[in-house]
Each structure stands twice: as structure tokens, then as C-alpha cells.
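> Residue numbers (our numbering), protein chains in the order written: chain R, 2 to 251; chain F, 4 to 392.
Take a look at the following structure, please.
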């Protein structure tokens, strides 16, 4: 479980995140929904221990990320918005490297690599160097590196960006299966269709502030709009135009 | 070694050993310079046997039977030539050309001075030395004629030579020995800079460029462990390249005939062990320095610019040592790179270990390494870095 409590993050004069609070529960897919520059990536970076919030706290399974970052990171699998690969390594070596840095070694590491390979259907590219891989293949390798140690909590920053339809469908299946296994999945997105299909819990963010959160259905009902896209526009516009920072909980 | 450090080290080594740029840098540096030195020594070498007599051409030889006889007694082969105007080159096969004026014999007969022109070729060390030998013989002949004149006039010859100077060279090495020797030491000290450049850039600037840093830093591994793993890989590359450079060059030098080599290698077994230990600390320092530069670059290309600027430092230090050693204050000899060159030079060329210098080199290397690694870890874990990752 990931709990974010009143975090803010400033970069000099710029306030990237002003006030974000929500909880991503185990066995659920929680999506941060917001426009570009709304503070989604900064929030997820704070969860991953890459940034320290200016104020507020982030806990992963009760562990404070700021105080004990390594302990919290051991319970996380992070799929960042930019996932570069080591192009001179094979897929097996690449995933094995991440597994070892997550504390797996020897037979346990090899078994973990085999399992994640099967889960992501990437047997055909396992012993190929990652140079020249398609975007879909790259996504699989990066995701495999993030979840090879079967973390309880998985954070994905705009995971479908740049993927083709088949890759998006595959990713969706993987996330749903992780959810079914009881993992806490937290992702960010601005693709409404994807959010609507995947999410159990949606957190709408605008200008660094949470303006609404709830299930996709409840948010649509709350806004009085016909679908999630219209609901998002309605709720975020209302919040930014009035300058309201209070939260609409549906 | 900490397991995470070893994991990072092993992955980086595997990655870099598959990098053509890194391998080309090692091979070209290790084997390129011996070839360059071989070519230089070939140019410096004399293509004639050492016992071949020097040849002198004299224009106006008929007027100077005494000079000719003197030169032949001194071991020169003298040939008569006729020149027209100022010569632009020496006659074929000649080491010097002496042009006597038309009134040479008359002036000598009257006890006056005669102006003699000597043309030599200073293109190479050998031709220059042969020309100087002819010049020396002419001066000796001049002294002999002067003595005869004084004796003929009843003047003791000692009056014209109040001092009889006997000189002896007490320097440890001649200028040319020092220059060539220091160049070899510069070659050794530059090795980790050249060999480690590409891998150091790939280790951190490359990580940023390929956008894999965020994934790495989100793992439960401290920035210090990641830095140490990468640093160990860069230092290993630098050390392998440096030891290979030393080995190949020392083997190559051993094949050069002693009369051509302008310096002698006098290293002892304990001295060699100490030199290797010193190079280990030096490679550690260079690797850490390269990582500091690499962490400040967002891309490989940007890093190359910074590295090129940094490479000027050892080159400048090396050339300052080669050409301005005597003008430098004493403390400079205990600074990094300087102390390394000085200590290695002492170990390899005099066979004597200057412990003060060697310890200064090792201490400078260790302190520099600690400082640079601290800076790298600080930068790697800074929010400024991770916000862009």
C-alpha cells in the first residue's frame, strides 16, 4: 500500500506539486490522471524515492520513503517515464542485473528471470541484445526489470506512452494480472480510455493539486457528465478556474 | 566487496568489454605509441656503421696542404670540391663543406686571420654531431697554427692559454636523455586518461543520455555503491591499459640498440613492484576524476568536450616537466601527475627509488580519489540530477 499525505514539491520558485494526498491500496489499480505538467511525474518520483518532497510524507507499506529510502525501494517496482536500456546487454542479462540489485542471486535470480519472461511473453528475445528493439519490446524489458523481484507495490509513469495497440493490450493484461495477485499498482496517465478500463481508483490532478478522486464511475456521476473524459475536463476546469484547492471526494 | 558494488562492477565490465570504442582506445594507445617510438628512433638512427670516417669536402683545398694533412690525421676523409656561390646543400656523401677564401694561403703566410666558412647539416642528431666534429677539428687546427706562430716569434704558448679547462659532465642525464625519458613517463601517466575516457563517459553521462538513470536510482542501492561499482570498472580499465602500455613499451625499448637509445632503463624488480603499486593508486585517482567530469555531462558528446579540456591538464603538466623542470619550484614536484612522473622516472631511469616522491605520489592519488568520489556521489544523488533523469 502506498500512502501519500499532503506532499508538495518546489523546484526553486516553481511549485510542481502543491498538495497531493491519496492512498493506493493493495489489489487495486490506482491511476493519477492529469494533464501534462499537472504534477503526476513529480508525485511518482517522490514515491520512487528519486525526489524528496518539500513537505508531506510518502509511505510504502508503512515505510517512510524520505527516512528509509532503500527499505522502501526494496518494496517497490518502478517503471519510469523514460526507460533506457543497456543496449550491449541481452534481455536476460538486463533483467538479471535488476534482479541482483534487488537482492536476488544465483538460482533465485535465474528463476525470477524465467518467471517474468514467461509472464511478459518475451522468450523469443531473451538472449538477444536489446539494441534495435521495438518500443513494445523495450517496454517489456523495462517492465520485466521493474517487477522481476515481484514487488508488492508497482509504480508506472505513463507506461503506455509510445506503445502500439497490441503492446497496450498486453500491458493492460499484465497490470490486471498483477492486480489479481494482490499487488498495489499505481500509474499515471492522461489517456482516458486506458484509465477507464484499467482503474479501480482515479486521482485527478491539476496544477499540482488533487481536485477529485474516486472510482471512474463515481467521478462521472459526481460531475454529471456522460463519460470520464468530460468528467475530467469539468472537474479540473472547475478547480483551476476557481482556484479551489479543496478536494472533491466521490 | 559489497555485493551491490560487485554487481554494478560486473555488469559495467561486461557492458564496456562489448563497447568497440573502449577496446579501440586501449589497443590503439597500447600499440600505437611503440610504433611511433620505433619510427622516431628509426629517424634518429645512423644508417652507416659507427666506424665509418666522416667525410669533409674542401673548396680551395690546393691552398691548404697543412689543413688537409691535419684533417686526415684526425681521421677525416677529405675531398676537393668546387662551389659556386653560397651552397644550399652538402655535396653527396659529405658530412661538412669547408670553403676557403681565395687569399687563404696568403693570409696565413702573413700571419693574419683567414675567414673559413663551414657548412653543416643539422637535420638529424647524427649529421649535426658529425658537423660539430668537423668544426672542432678546424678549431684545433687553428690552435695548432697559432701555437706555431707564437713559438716562431719566441713567445711561450702558455701566454695565450692562461686557463686549461678540463670539463666533465656530472648531470644524471643529458637534455636529450631527460626529454626522451620524460616523454616515456608522460606516455605512462597519460595512459589511464586515454584508456578510461570512453568507459567513464559511458558509465555516467551515458546512463543519463540513454535515460536509464531513473530506473537505476529507483533500486534499493545507495548512490555510493553505484558510484563505487562504476569507479572500480573505470579504474580497472585504466590500470589494464596502463600496465599493458608499460609492458609493451618496455619490451619495445629493450629491442632498441643501446647506442641509439638516448636513455637507459635501469629498473629493479622491487622498483618495478613499487611502480605498479603507484600506478594502481594513480589509475584510481584518474578514474575518480573522470567520473566527476562524466557526472556533470548530460550526454556522451557533452562529456567528450569536458574530457578533452581535462586531458589538457596532464599534457600541460607533462610538457612543463619535460621542458621547464629546472624552473619549477620544489613543491610542484609533489603535486599529482608531477610526482607520478618524477617518481616513475627515478624508478625506471636511475634504478633508485625516491621514497619521498613515491609516497607523495601515492598519497596525492588516494586523497584525490576520496575527494572526487565524494563529489560524484553527492552529484549522483542530488535532486538536480534525478529531477532530469
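Yeah, the Cβ is synthetic: ideal placement off N, Cα and C, and Gly gets one too.
Shortest alpha-carbon distance to residue 37 (chain F) belongs to which of F:140, F:373, F:194?
Checked all of F:140, F:373, F:194; the closest Cα to residue 37 (chain F) is F:194.
> Could you have a look at residue 250 (chain R) and say whether DSSP puts it in helix, strand or coil?
Any reading at residue 250 (chain R) needs caution, since the residue's pLDDT is 48, under 50, leaving its predicted position unreliable; the model's value is listed next. In this structure, residue 250 (chain R) counts as strand in the three-state DSSP scheme.
> Once the 5 residues before and after residue 196 (chain R) are set aside, which same chain residues still bring their CB inside 8 angstroms of it?
Around residue 196 (chain R): 32, 34, 190, 203, 217, 229.
> Could you spell out where the beta strand (DSSP E) holding residue 10 (chain R) opens and where it closes?
Segment 3 to 12, the beta strand (DSSP E) holding residue 10 (chain R).
> Note down, one range per segment and in chain order, each beta strand (DSSP E) of at least 3 residues found wholly within the stretch 199 to 253 of chain F.
Listed in chain order, there is nothing to give.
> Leaving out the 5 sequence neighbours to the left and right, which residues in its chain are closer than 8 angstroms to residue 250 (chain R) when beta-carbon positions are compared?
Any reading at residue 250 (chain R) is ruled out, since the residue's pLDDT is 48, under 50, leaving its predicted position unreliable.
> Select from R:26, R:15, R:81, R:7 the residue whose C-alpha is nearest the C-alpha of residue 215 (chain F).
Cα-wise, what sits closest to residue 215 (chain F) is R:81.
> May I have the straight-line CA-CA distance separating residue 66 (chain F) from residue 113 (chain F), to the nearest angstrom?
Residue 66 (chain F) and residue 113 (chain F): Cα-Cα distance of roughly 14 angstroms.
> Please name the residue in F:62, F:231, F:98, F:257 whose C-alpha comes closest to that of residue 84 (chain F).
Of F:62, F:231, F:98, F:257, the residue nearest in Cα terms is F:62.
> Buried or exposed, going by whether 16 or more other CB atoms sit within 10 Å of the CB of residue 120 (chain F)?
Result: exposed.
> To which residues does DSSP link residue 202 (chain R) through a beta bridge?
In the DSSP output, where bridge partners are listed per residue, residue 202 (chain R) has R:31.
> Quick one: does residue 143 (chain R) have its CB under 8 angstroms from some CB of chain F?
Yes - at least one Cβ of chain F is within 8 angstroms of the one on residue 143 (chain R).
> Any C-beta of chain R sitting closer than 8 angstroms to the C-beta of residue 386 (chain F)?
Chain R, which has a Cβ nearer than 8 angstroms to the Cβ of residue 386 (chain F), makes this yes.
> Counting pairs of Cβ atoms below 8 angstroms between the stretch 293 to 302 of chain F and the stretch 360 to 380 of chain F, do you hit three or more?
Because the criterion of three Cβ pairs below 8 angstroms is met, the stretch 293 to 302 of chain F and the stretch 360 to 380 of chain F touch.
> Which residue's Cα is closest to the Cα of residue 308 (chain F): F:135, F:200, F:286, F:219?
The option with the nearest alpha carbon to residue 308 (chain F) is F:200.
> Which parts of the stretch 124 to 159 of chain R are runs of the beta strand (DSSP E), unbroken and 3 residues or longer, counting only runs that do not cross its ends?
DSSP runs (the beta strand (DSSP E)) wholly in the stretch 124 to 159 of chain R: 154 to 158.
> Short of 6 angstroms in beta carbon distance, which residues of its chain neighbour residue 227 (chain F), apart from the five on each side in sequence? Order them along the chain.
The residues are 380.
> Residue 210 (chain R) by DSSP, collapsed to three states: which one?
Strand, per DSSP.
> State buried or exposed for residue 210 (chain F), treating a residue as buried only when at least 16 other CB atoms are found within 10 Å of its CB.
By the neighbour-count rule (16 or more Cβ atoms within 10 Å), residue 210 (chain F) is buried.
> Suppose contacts are defined by Cβ-Cβ distances below 8 angstroms. Is residue 114 (chain R) in contact with residue 97 (chain R) by that definition?
Result yes, Cβ atoms of residue 114 (chain R) and residue 97 (chain R) sit closer than 8 angstroms.
> Quick check: the stretch 41 to 50 of chain R against the stretch 10 to 22 of chain R, are there 3 or more CB pairs under 8 angstroms?
Judged by Cβ distances under 8 angstroms, the stretch 41 to 50 of chain R makes contact with the stretch 10 to 22 of chain R, as three or more pairs qualify.
> Kindly give me the distance between the Cβ atoms of residue 6 (chain R) and residue 67 (chain R), rounded to whole angstroms, as I take these residues to be in contact under 8 angstroms.
Residue 6 (chain R) to residue 67 (chain R), Cβ: 12 angstroms. No contact.
> Applying a beta-carbon distance threshold of less than 9 angstroms, which residues of chain F neighbour residue 138 (chain R)?
By Cβ distance, chain F contributes nothing, its closest Cβ being about 16 angstroms from residue 138 (chain R), past 9 angstroms.
> Are the stretch 71 to 85 of chain R and the stretch 133 to 149 of chain R touching, with three or more C-beta to C-beta distances below 8 angstroms?
These segments touch.
> Looking only at DSSP bridge pairs, what is residue 60 (chain F) linked to?
In the DSSP output, where bridge partners are listed per residue, residue 60 (chain F) has F:82, F:100.
> Look at the alpha carbon of residue 334 (chain F) and the alpha carbon of residue 87 (chain F), and state the distance between them as a whole number of angstroms.
Their Cα atoms are separated by approximately 58 angstroms.
> Hey, does residue 218 (chain F) have any beta-carbon neighbour from chain R nearer than 8 angstroms?
Yes, because at least one Cβ of chain R sits closer than 8 angstroms to the Cβ of residue 218 (chain F).
> So if I threshold CB-CB distances at 7 angstroms, which residues from the stretch 187 to 216 of chain F count as touching chain R?
Flagged, chain order: 213, 214, 215.
> Does residue 81 (chain R) get closer than 8 angstroms to chain F when you measure Cβ to Cβ?
Cβ-Cβ to chain F under 8 angstroms: yes for residue 81 (chain R).
> Measure the C-alpha to C-alpha separation of residue 271 (chain F) and residue 278 (chain F) and round it to an integer number of angstroms.
Each residue's alpha carbon lies about 10 angstroms from the other.
> Does the stretch 317 to 335 of chain F come into contact with the stretch 244 to 258 of chain F, if we say contact requires no fewer than three beta-carbon pairs (one atom in each stretch) closer than 8 angstroms?
No: the two stretches stay apart, fewer than three of their Cβ pairs being nearer than 8 angstroms.
> Comparing alpha-carbon positions, which option in F:123, F:366, F:75, F:71 lies nearest residue 95 (chain F)?
Nearest C-alpha to residue 95 (chain F): F:123.
> Relative to the C-alpha of residue 8 (chain F), which candidate in F:253, F:231, F:31 has its C-alpha closest?
Nearest option by C-alpha distance: F:231.
> As a quick exercise: from F:108, F:331, F:59, F:18, pick the residue whose alpha carbon is nearest that of residue 257 (chain R).
A question about residue 257 (chain R) goes unanswered here, because the residues of chain R that appear run from 2 up to 251.
> Pick helix, strand or coil for residue 59 (chain R), following the three-state DSSP scheme.
Residue 59 (chain R) falls in the strand class under three-state DSSP.
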